[in-house]
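Per my numbering, residue 1034 is the first one in the sequence shown, and the count goes up by one each step. Below is one structure; the comments refer to it alone.
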Amino acid sequence: MHIVFYGAGGIGGYFGGRLLAAGEQVSFVARGRHAQAMREHGLHVKSPLGDVQVAVPSISDDPAALPAADLVVFAVKMPDAEAAAARLAPLMKPGTVVLPLQNGVEIVDVLTEALGAAAVALGAAYIPAKIAEPGVIEHAGGFAALRFGALQPAQRPVLDAFAAACSRAGVKAEVVDDMRRAMWEKFVFLVGMSSLTALTRLPIGVTRADAELRHLLQQVMDETAALARAEGVPLAADFVTQQLTVVDNLPAAAKASMAHDLDAGRPLELPWLAGAVVRRSARLNLDAPANRFVAAALGPYQRGKPAP
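Okay, structure coming up:
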């Protein structure tokens, strides 16, 4: 199968690099210095699970320059998602499945508006990874996995084939029957992780060791879990407690991608993380003061480093 990774950052670069190194047919839509380095020198993945250095024979900043895909792994940041979705048409053919791996719970709406519901599946990536320098992806370790599922029955064969390709590449991947619930489970964790590592400008080891910061982390997660339940997702009563255990087992140096974006002065996914909790909670008359605080405190950095 032909797999196109639309985006070659921490997520697309890591998983795409693993699949390409295993001999799968992989193309990338990417741009800028990172894409140029991949063309000229290949893609280097640095990981505690094993380094990969692989040539990238098929990469373009123009989707129309690539062959149509069996599967498009849609891995751009949420601020770029709407514009990128509008450029997907040249990659589509009958039966193509688009698998979004964005942070947040609103990407399906963006893609469905651009493509219709038939092609849009749903997935989640679990990995602390970033572009360390052009052409180089750095995985912080701890975990690296994909979970994904069909939103239409006809999508399942393509997703099963992708899971098989991941297995051949040594990538942990799971096809999930109830991906909406899995998406919200990740969202609860991610809103907490992104909020606290970005707010403090420090890795998660600092937050989990400080009583006040840990309490704020739990508040952010509790509010997000309450929103999930209000939207009909049956999370367990002790779900946040379970997520705090996950936090305690992360590498102390781990930071969410939004924190890396903040450090680099890039636009933030804040409106689709803590901001989304605030917005969606208000629609349901739920209070979300901890998320409102995070959204307000980080708001000046939403479009990148503010001018003096």
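We put the CB at the ideal spot given by N, CA and C, even for glycine.
Going by C-alpha positions, A1340 is about 26 Å away from R1064. If you draw a straight line from the Cα of R1241 to the Cα of G1168, it comes to about 32 Å. Secondary structure within the region 1116-1140: the beta strand (DSSP E) runs of 3 or more consecutive residues, fully enclosed, are 1130-1133 (chain order). With contacts defined as CB atoms closer than 8 Å, E1302 and K1079 fail to qualify as a contacting pair. One Cα belongs to P1267, the other to V1089, and the distance between them is close to 43 Å.
The continuous beta strand (DSSP E) containing S1060 extends over residues 1058-1062. Taking the Cα positions, H1293 is about 8 Å away from K1163. T1257 counts as buried, since no fewer than 16 other beta carbons sit within 10 angstroms of its beta carbon. Around the C-beta of Q1275, fewer than 16 other C-beta atoms lie within 10 Å, and the residue is accordingly described as exposed. By the C-beta criterion, the region 1230-1244 is judged not to be in contact with the region 1193-1210, since fewer than 3 inter-stretch pairs fall below 8 Å. Within the region 1266-1302, the complete alpha helix (DSSP H) segments at least 4 residues long are 1272-1281, 1290-1297, listed from N- to C-terminus. Between A1157 and R1189, the C-beta spacing is not below 8 Å. When DSSP states are grouped into helix, strand and coil, R1316 belongs to the helix group. When the five nearest sequence neighbours on each side are left out, the beta carbons in the same chain lying within less than 6 Å of the beta carbon of P1161 are those of A1173, A1287, in order along the chain. A1108 places its beta carbon less than 8 Å from that of L1134.
Note that the C-beta distance between P1300 and G1337 is below 8 Å. Shortest Cα-Cα distance from S1093 to any of G1083, L1124, V1208, V1087 involves L1124.
Listed in chain order, the non-local C-beta contacts of A1178 below 6 Å within the same chain comprise Y1159, K1205, local neighbours out to five positions each way being set aside. Under DSSP, G1045 shares a beta bridge with no residue. As DSSP reads the structure, F1038 sits in a beta bridge with F1061, V1106.
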